[in-house]
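Residue 504 in the working numbering sits at position 149 of the sequence shown, with consecutive numbering throughout. C-beta: ideal position from N, C-alpha, C; glycine also. This one's a predicted model, so the numbers in the text were calculated from it and none came from an experiment. First the structure, in the form of structure tokens, and then the observations on it.
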Amino acid sequence: MKDDIERVLFDEPAIRTGLRKLAAELIRIYRGRELTVVPILNGSCVFASDLIRLLPIPLTLEFLACESYGDGTVSSGEVKLKFFPEPVTLEGRNILLVDDILDTGRTLKTVSGIIREAGAADVRTCVFLDKVERRAVDLEADFRCFEVEDVFVVGYGLDYAGRYRNLPYIGSLRSEVYSDAHDHAGTDGDPERS
Ligand code: XMP
């Protein structure tokens, strides 16, 4: 698995430092307020579980899952919910929506809209990585750990074809692995996202 990584962009010490900084910001904002953290599966599982353990404030946890990419490697541009919390767990709550990476912004824009419609009192977004250059819709994360350049990254929850989520760091894939994805992706060129 390690052999497929071209470059480590954020190693474990950098991730720990980034998380502590982000947690301090969240504690400042949410101290004294009831919080519901909603990680978007599968990619944010590692980030969310590390982050909540740095938040010594009362919170509840609800998960949702969605897919923004169709059956292949080319974006459908459409975000589909795979499962969603019971609305009663969101109504009147301060929601912190957590995702692994903010890319075009379609996922967070769609999901935050749905959560607002479900009756949440406040909805904010928190991402581990922010690929600013790729934004296609008008959405900025309220909180983020790191800005990242426009390369396909894996590790720390992020996958390529379901693999690499368990790497403890963020790395870019070697071109040999990535070029398969280009072959399959036609003009889009992005590996499958989930
Ligand atoms: P949007 O475009 O809706 O996409 O902001 C967010 C989702 O796309 C996936 N994504 C990636 N996954 N490496 C990955 O493993 C990447 O470089 C990457 N860029 C986007 C991710 O699942 C995210 O939730």
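In this structure, the CA atom of G373 is about 12 Å from the CA atom of F498. For T415, the three-state secondary structure derived from DSSP is strand. Per DSSP, reduced to three states, the secondary structure at R448 is coil, with no helix or strand assignment. Not one heavy atom of ligand 1 lies closer than 8 Å to the C-beta of V392. Looking at P368, I470, M356, C421, the one whose alpha-carbon comes closest to that of T391 is I470. Not one heavy atom of ligand 1 sits closer than 8 Å to the Cβ of K435. Beyond the five residues adjoining it in sequence on each side, V434 comes within less than 6 Å, by CB distance, of C421, S423, R461, T462, T465 in the same chain, given in chain order.
Boundaries of the beta strand (DSSP E) around R499: 498–502. The way I'd put it, the region 513–527 doesn't touch the region 433–448; fewer than three beta-carbon pairs between them come closer than 8 Å. For D405, the enclosing alpha helix (DSSP H) stretches over residues 400–407.
Assigned with DSSP and collapsed to three states, V532 falls in helix.
Shown here for V503: same chain residues with a beta carbon closer than 6 Å to its own, the five before and five after excluded, namely L484, K486 in chain order. Shortest gap from the CB of G468 to any heavy atom of ligand 1: 8 Å or more. Distances from the CB of L463 to the heavy atoms of ligand 1 include at least one below 8 Å. Distance from the C-beta of G460 to the nearest heavy atom of ligand 1 is below 8 Å. Remark: the C-beta of A491 is in contact range of ligand 1, defined as less than 8 Å to any heavy atom.
The beta-carbon separation of V506 and I525, rounded to 10 Å, does not stay under the 8 Å limit for a contact. Not one heavy atom of ligand 1 falls within 8 Å of the beta-carbon of I360.
Distance from the CA atom of G468 to the CA atom of E446, rounded to whole angstroms, is 14 Å. Taking a C-beta distance under 9 Å as the contact criterion, I450 and V478 qualify as a contact pair. Around P411, the same chain offers I382 as residues with beta carbons nearer than 8 Å, after the five sequence neighbours per side are excluded.
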